[in-house]
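For the first sequence, position 165 matches number 666 in this note's numbering, and the numbering has no gaps at all.
Each residue gets a CB set at the ideal place from its N, CA and C atoms; glycine is no exception.
Here the structure is a predicted model, which means the values were calculated and not measured.
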Amino acid sequence: MVLADLLDQRPEVTAPRLLGATLSFDGVKVRLTEVEAYAADDPGSHAFRGETNRNRVMFGPPGRLYVYFTYGMHHCANLVCHPEGEPGAILLRAGEVVDGIEVARQRRGPVRDVDLARGPARLASALGIDLTMNGTADFELDLAPAETWAGIEVATGPRVGLRLAPERPWRFWVSGDPTVSRYRPAKAL
DNA sequence: GCTGCGATTTTCT
DNA sequence: GAAAATCGCAGCT
């Protein structure tokens with residue numbers, strides 16, 4: 502499986518394949534452990550209501566970074582991924598810092614290493630991503646080798662923090678990995 | 001360790 | 001004007 506082919510699939514197809522992949526950006530490398538898919542016909546997607554100034558890059562070529570700002574203080578990083586004509590993206594929710602950990606620590610402050618990129622805004626922060634990186638392809642993404650990926654236990658479940666969206670089980674994470682975010686599993690109703 | 005709530009700004013209706 | 005793809009901290013068990 503080649504990366505370029507994966508990026509032309511619907512995001513919920515591509516998302517689980519990204520688990521275990523490594524993403525290098527500006528001196529820090531993370532191994533992805535948790536992602537969420539957002540598709541064209543998905544009320545939870547920023548692109549659902551059509552193209553706007555904010556979500557424009559979700560409509561552009563796959564393989565770029567879609568960065569948005571939310572809750573007044575957080576950046577979240579997505580990988581644009583969709584078949585021709587169907588806007589979509591994959592939210593990078595969590596990862597394990599495997600290289601450039603000193604740089605990541607500097608950006609995130611005094612937290613446990615396992616928390617450096619545990620959560621979408623933290624991951625973006627650890628990588629040094631902000632709104633100025635929106636739409637760039639200035640990063641390196643390497644899929645996990647097939648045999649490695651086959652050894653990963655992929656878990657799925659409802660997405661986090663959406664008010665809209667029927668609960669599509671489009672959150673994917675590496676089962677049992679300590680860097681997967683947990684948030685408020687008990688509050689889900 | 002787990003649960004609940006407030007912060008803060010961009011974007012869209 | 002309201003909601004949002006969240007996080008950090010306070011307070012309790």
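Counting beta carbon pairs with one atom in the segment 551 to 562 and one in the segment 522 to 530, are three or more of them shorter than 8 Å? no
Cβ neighbours of Ile654 in the same chain (closer than 8 Å, five flanking residues each side left out): In the first sequence, the residue the question calls residue 654 occupies position 153. In the sequence on display, residue 654 carries Glu and not Ile. Around Glu654: Val675, Ser676, Gly677.
Just how far apart, CA to CA, sit Asp543 and Pro584? Along the first sequence, read from residue 1 onward, the residue named residue 543 stands at position 42. Along the first sequence, read from residue 1 onward, the residue named residue 584 stands at position 83. Between Asp543 and Pro584, the C-alpha separation is close to 15 Å.
Hey, Ala522 and Asp614: beta-carbon distance below 8 Å or not? As a working mapping, residue 522 is identified with position 21 in the first sequence. As a working mapping, residue 614 is identified with position 113 in the first sequence. Not in contact: Ala522 and Asp614 (Cβ atoms no closer than 8 Å).
Under DSSP, the beta strand (DSSP E) around Arg672 begins and ends at which residues? Residue 672 sits at position 171 when you count from the first residue of the first sequence. Where Arg672 is concerned, the enclosing beta strand (DSSP E) stretches over 672 to 675.
According to the neighbour-count rule (16 or more other Cβ atoms, all chains shown, within 10 Å of its Cβ), is Pro621 buried or exposed? The sequence position of residue 621 within the first sequence is 120, counting from 1. Per the 10 Å Cβ criterion, buried.
Among the residues of its own chain, which have a CB less than 6 Å from the CB of Phe631, if the five just before and after it don't count? Locating residue 631 in the first sequence gives position 130, counting from the first residue. For clarity, residue 631 is Asp in the given sequence; the question names Phe instead. Excluding sequence neighbours, Asp631 sits near His576.
Environment of Glu513 [buried if 16+ CB atoms lie within 10 Å]: For the purposes of this step, residue 513 is taken as the residue at position 12 of the first sequence. Looking at its Cβ environment, which holds 16 or more other Cβ atoms inside 10 Å, Glu513 is buried.
For Ala605, which of helix, strand or coil comes out of DSSP? For this step, residue 605 is matched to residue 104 along the first sequence. The answer is helix: DSSP assigns Ala605 an H, G or I state.
Mind checking whether Leu628 and Ala578 have CB atoms under 8 Å apart? The count along the first sequence starts at 1 and reaches residue 628 at position 127. The count along the first sequence starts at 1 and reaches residue 578 at position 77. Yes; because the gap between Cβ atoms is below 8 Å, this pair is in contact.
Which residue comes first and which comes last in the alpha helix (DSSP H) that contains Arg623? Reading the first sequence from its first residue, position 122 is the one you call residue 623. Looking at the DSSP string, the run of the alpha helix (DSSP H) that includes Arg623 is 621 to 628.
Please work out which residues of its chain come closer than 7 Å, Cβ to Cβ, to Pro588, disregarding the five sequence neighbours upstream and downstream, and give them in chain order. Position 87 of the first sequence, counted from the start, is the residue given in the question as residue 588. If we look at Pro588 and ignore the five residues flanking it on each side, its Cβ neighbours are Ala541, Ala548, Met559, Phe560.
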